[in-house]
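Colleague: For reference, the structure I am asking about is given below.
There are 2 protein chains.
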Amino acid sequence: MESSTATGGGSTGGGGGRREATRQKLYEAAVTLIAEQGFSATTVDEIAERAGVAKGTVYYNFASKSVLFEELLRHGVGLLTASLREAADRSAKEGGGTVAALDAMIRAGLVFIDRYPAFTQLYVAELWRTNRAWQSTLMVVRQEAVAVVEGVLRKGVESGELSDEIDIPLTAAALVGMVLVAALDWQSFQPERSLDDVHAALSRLLQGRVGGNR
Amino acid sequence: MESSTATGGGSTGGGGGRREATRQKLYEAAVTLIAEQGFSATTVDEIAERAGVAKGTVYYNFASKSVLFEELLRHGVGLLTASLREAADRSAKEGGGTVAALDAMIRAGLVFIDRYPAFTQLYVAELWRTNRAWQSTLMVVRQEAVAVVEGVLRKGVESGELSDEIDIPLTAAALVGMVLVAALDWQSFQPERSLDDVHAALSRLLQGRVGGNR
DNA sequence: GTTTTTGCACTGACCAGTCAGTTCAAAAGC
DNA sequence: GCTTTTGAACTGACTGGTCAGTGCAAAAAC
């Protein structure tokens with residue numbers, strides 16, 4: 549269903565769907581390899597080989613190795629952000645309140661990581677690196693994701709559900725970190741656990757049933 | 549001065565001898581560079597230059613680039629573990645209970661990260677990578693650190709202070725992640741905040757004053 | 001006199017990026 | 001219909017450069 553049509557219907561660009569399919573294959577190959585080995589240790593030859601494509605094709609489709617990587621990052625974080633936002637909105641519609649919304653976002657985060665573990669790994673590994681070409685891309689993209697969480701927290705404070713003592717940016721970062729790290733640990737070191745287990749543990753922590761009042 | 553190595557500390561100039569001093573300088577140079585650029589993107593020549601040492605000296609002191617890195621990891625995580633354990637023990641001696649011990653460990657973690665940001669960054673970036681030579685080293689060393697947190701949680705459950713519903717390994721991972729990510733975010737994106745601010749935010753989260761009962 | 005460091009030339013592997021050439025399906029010409 | 005042309009997509013050998021690691025004689029430190 550993919551490549552045979554060169555017609556491309558109303559799509560822009562001369563080649564139609566073939567090109568997009570190639571790019572997709574390259575993304576997929578790159579994300580796994582870079583997550584496993586890191587950006588510098590992954591060669592363009594490897595990416596091309598894993599995608600089943602010649603090296604030249606990589607450079608036909610992307611200006612450089614790092615441009616390929618940057619577009620990968622943008623695409624992936626876009627997906628995550630959309631997923632978080634959707635979870636928050638749905639929860640809001642169901643009228644569960646702020647804590648329910650946070651909980652829904654935790655679950656959405658876990659589902660995302662479960663589905664795209666390689667991307668998550670790569671994101672975490674690169675996020676705090678300074679001195680790299682794509683650093684600014686990463687910062688923008690990070691802020692987008694954290695902002696979704698901050699938005700929910702802010703609403704909670706405004707509505708009086710959450711104490712106005714809480715530090716919104718720091719708390720948002722901590723929550724994101726909690727989910728990220730717990731999920732990566734789950735994938736790497738306790739893959740036998742179910743998503744529900746992990747969600748339950750994080751939920752308990754969020755709701756203060758670990759260190760909390762009783 | 550700013551020494552962001554996790555390798556400094558303890559041994560004063562006198563004890564180690566000339567060779568040890570050289571190794572320290574190499575650790576310090578390597579940790580910063582690798583945190584900034586990643587392992588593969590950092591060259592041995594760079595490390596030697598930053599350490600103010602000839603390239604041959606690197607190979608006189610370490611069998612290879614990756615051996616240097618592995619020893620760096622072991623050393624750094626050793627310091628972190630010791631610091632966490634000490635915080636937990638001191639808190640236990642003061643009789644503050646489990647939550648106080650967890651809180652003390654959070655602070656110890658923050659202090660460590662504040663002192664050795666480069667090491668922390670590098671550790672997080674490498675921790676979930678598969679396929680690398682030092683992967684097994686990392687797993688051992690990670691388990692050591694998480695085990696300290698798990699120990700405290702376990703004690704809390706046994707003494708009835710914590711619900712026995714909590715999932716100890718997952719909760720420990722989540723707590724570690726929370727501290728790690730919040731601290732790295734603090735360093736990278738909100739460096740103007742004080743350690744106390746960050747500690748307070750995390751403390752609140754731990755004690756359930758965010759999503760918790762009231 | 002032994003250990004450690006230096007300086008530097010050298011090698012062999014590896015790798016990002018290039019480019020001249022190939023493929024093939026659709027459009028144009030007949 | 002059928003041949004020819006076009007050009008986007010793709011190919012893979014090749015280049016120029018980089019880098020881990022070596023070898024070694026001489027200096028420095030202890």
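Chains as they are written, first to last, in this note's numbering: chain L, 549 to 762; chain B, 549 to 762. Every residue gets a Cβ at the ideal spot worked out from N, C-alpha and C, and that includes glycine. It should be emphasised that the depicted structure is a prediction, and the values quoted were computed from it without experimental measurement.
1) Can you tell me whether L/T590 is helix, strand or coil according to DSSP?
2) Could you list which residues in chain L have their beta carbon closer than 7 Å to that of B/V724, in chain order?
3) Does DSSP classify B/D651 as helix, strand or coil?
4) Would you mind working out which of B/L628, B/G699 and B/D637 sits nearest B/D715, comparing C-alpha positions?
5) Helix, strand or coil for B/E642, going by three-state DSSP, please let me know.
6) Mapping DSSP to helix, strand and coil, what is B/R633?
7) Give every residue of the same chain whose Cβ lies closer than 8 Å to the Cβ of L/F617, excluding the five residues on either side of it in the sequence, and list them in chain order.
8) How far does the alpha helix (DSSP H) with L/T580 in it reach, from first residue to last?
9) Does B/E706 pass the burial test, meaning 16 or more other C-beta atoms within 10 Å, or should it be called exposed?
10) Could you tell me whether the segment 732-739 of chain B touches the segment 738-746 of chain L, using the rule of 3 or more Cβ pairs below 8 Å?
11) Starting from the Cα of B/L754, find the closest Cα among L/L723, L/D745, L/S742 and L/A731 and give me that residue.
12) Report the residues of the segment 726-755 of chain B with a CB closer than 9 Å to any CB of chain L, ordered along the chain.
13) Counting only Cβ-Cβ distances shorter than 7 Å, please list the residues of the segment 660-677 of chain B near chain L, keeping chain order.
14) What does B/S684 reach in chain L if we use C-beta pairs closer than 8 Å?
15) Assuming L/V601 and L/T570 make a contact with CB atoms under 8 Å, what is their CB distance in whole Å?
16) Name the chain L residues whose beta carbon is nearer than 7 Å to that of B/N679?
17) For B/I595, would you say it is in contact with chain L, using Cβ-to-Cβ distances shorter than 8 Å as the test?
18) So L/A730 packs on B/L718, CB below 8 Å; how close in whole Å?
19) Give every residue of the same chain whose Cβ lies closer than 7 Å to the Cβ of L/K613, excluding the five residues on either side of it in the sequence, and list them in chain order.
20) Chain B beta carbons: is any one of them nearer than 8 Å to that of L/G558?
21) Report the neighbours of B/D715 on chain L: residues whose CB is nearer than 9 Å to its CB, in chain order.
22) Evaluate B/S684 with the Cβ neighbour count: other Cβ atoms within 10 Å of its Cβ, from every protein chain shown; 16 or more gives buried, anything less gives exposed.
23) Beta carbons nearer than 9 Å to chain L: which residues of the segment 638-649 of chain B have them?
24) Please state whether the Cβ-Cβ distance between B/D651 and B/S742 is less than 8 Å.
25) At the 8 Å Cβ level, is L/S588 part of the contact set with chain B, yes or no?
26) Is the segment 631-648 of chain B touching the segment 603-610 of chain B in the sense that three or more CB pairs, one from each, lie closer than 8 Å?
27) Please identify the residue among B/E713, B/G626, B/D744 and B/R690 whose C-alpha is closest to the C-alpha of L/G756.
28) With H, G and I counted as helix, E and B as strand and the rest as coil, what does DSSP make of B/Y608?
29) Apart from the five residues on each side of it in sequence, which residues of its chain come closer than 7 Å, Cβ to Cβ, to B/G645?
30) By the three-class DSSP mapping on this structure, what secondary structure does B/I714 have?
31) Measuring alpha carbon to alpha carbon, tell me which of L/R638, L/F667 and L/L670 ends up nearest L/R655.
32) Quick one: is L/R690 buried, meaning 16 or more other Cβ sit within 10 Å of its Cβ, or exposed?
Modeller: Once the coordinates are examined:
1) Here residue 590 of chain L refers to the residue found at position 42 of the first sequence. Residue state, collapsed to three classes: coil.
2) Here residue 724 of chain B is taken as the residue at index 176 of the second sequence, counted from 1. Those are V729, listed as they occur along chain L.
3) Here residue 651 of chain B refers to the residue found at position 103 when the second sequence is read from its first residue. It is helical.
4) Sequence index remark: in the second sequence, residue 715 of chain B carries index 167 (1-based). When each option's Cα is compared against that of B/D715, the closest is B/G699.
5) Here residue 642 of chain B corresponds to residue number 94 of the second sequence, with the count starting at 1. Residue state, collapsed to three classes: coil.
6) For this step, residue 633 of chain B is matched to residue 85 along the second sequence. In the structure shown, B/R633 sits in a helix (DSSP, three-state: H, G or I).
7) What you label residue 617 of chain L is simply residue 69 of the first sequence in a count that begins at 1. The residues are A578, I582, F587 and W682.
8) Locating residue 580 of chain L in the first sequence gives position 32, where the first residue counts as 1. L/T580 -> alpha helix (DSSP H) spans G565 to Q585.
9) Taking the second sequence and counting its residues from 1, one reaches residue 706 of chain B at position 158. So B/E706 counts as exposed.
10) no
11) Taking the second sequence and counting its residues from 1, one reaches residue 754 of chain B at position 206. The shortest Cα separation from B/L754 among L/L723, L/D745, L/S742 and L/A731 belongs to L/L723.
12) M726, V727, L728, V729, A730, A731, L732, D733, W734, Q735, S736, F737, Q738, R741, D745, V746, A748, A749, L750, S751, R752, L753, L754 and Q755
13) Q669, V672, A673, W676 and R677
14) Here residue 684 of chain B corresponds to residue number 136 of the second sequence, with the count starting at 1. Within 8 Å Cβ-Cβ: nothing; B/S684 doesn't reach chain L, min ~13 Å.
15) Locating residue 601 of chain L in the first sequence gives position 53, where the first residue counts as 1. Locating residue 570 of chain L in the first sequence gives position 22, where the first residue counts as 1. 6 Å between Cβ atoms; contact.
16) The sequence position of residue 679 of chain B within the second sequence is 131, counting from 1. In chain order: E584 and Q585.
17) Here the question's residue 595 of chain B lines up with position 47 in the second sequence. No, B/I595 does not count as interfacial toward chain L.
18) Reading the first sequence from its first residue, position 182 is the one you call residue 730 of chain L. Reading the second sequence from its first residue, position 170 is the one you call residue 718 of chain B. Confirmed, about 6 Å.
19) The count along the first sequence starts at 1 and reaches residue 613 of chain L at position 65. Around L/K613: V592.
20) The count along the first sequence starts at 1 and reaches residue 558 of chain L at position 10. Here the model assigns L/G558 a pLDDT of 29, short of 50, so the residue's position is not dependable, and the following value carries that caveat. For L/G558, the answer is no, since every Cβ of chain B falls outside 8 Å of its Cβ.
21) Reading the second sequence from its first residue, position 167 is the one you call residue 715 of chain B. Those are R741, D745, V746, A748, A749 and R752, listed as they occur along chain L.
22) The residue you call residue 684 of chain B lines up with position 136 of the second sequence. That one is exposed.
23) T646 and V647
24) Here residue 651 of chain B refers to the residue found at position 103 of the second sequence. Here residue 742 of chain B refers to the residue found at position 194 of the second sequence. Not closer than 8 Å, so no.
25) For this step, residue 588 of chain L is matched to residue 40 along the first sequence. Yes, L/S588 counts as interfacial toward chain B.
26) no
27) By one-based count along the first sequence, residue 756 of chain L stands at place 208. Closest option to L/G756, Cα to Cα, is B/E713.
28) By one-based count along the second sequence, residue 608 of chain B stands at place 60. DSSP places B/Y608 in helix when its eight states are reduced to three.
29) What you label residue 645 of chain B is simply residue 97 of the second sequence in a count that begins at 1. Contacts found: E709.
30) Mapped onto the second sequence, residue 714 of chain B falls at position 166. Correct three-state label for B/I714: coil.
31) Taking the first residue of the first sequence as 1, we reach residue 655 of chain L at position 107. Among L/R638, L/F667 and L/L670, the Cα nearest to that of L/R655 belongs to L/R638.
32) As a first step, residue 690 of chain L must be located in the first sequence, where it is residue number 142. Buried is the call here.
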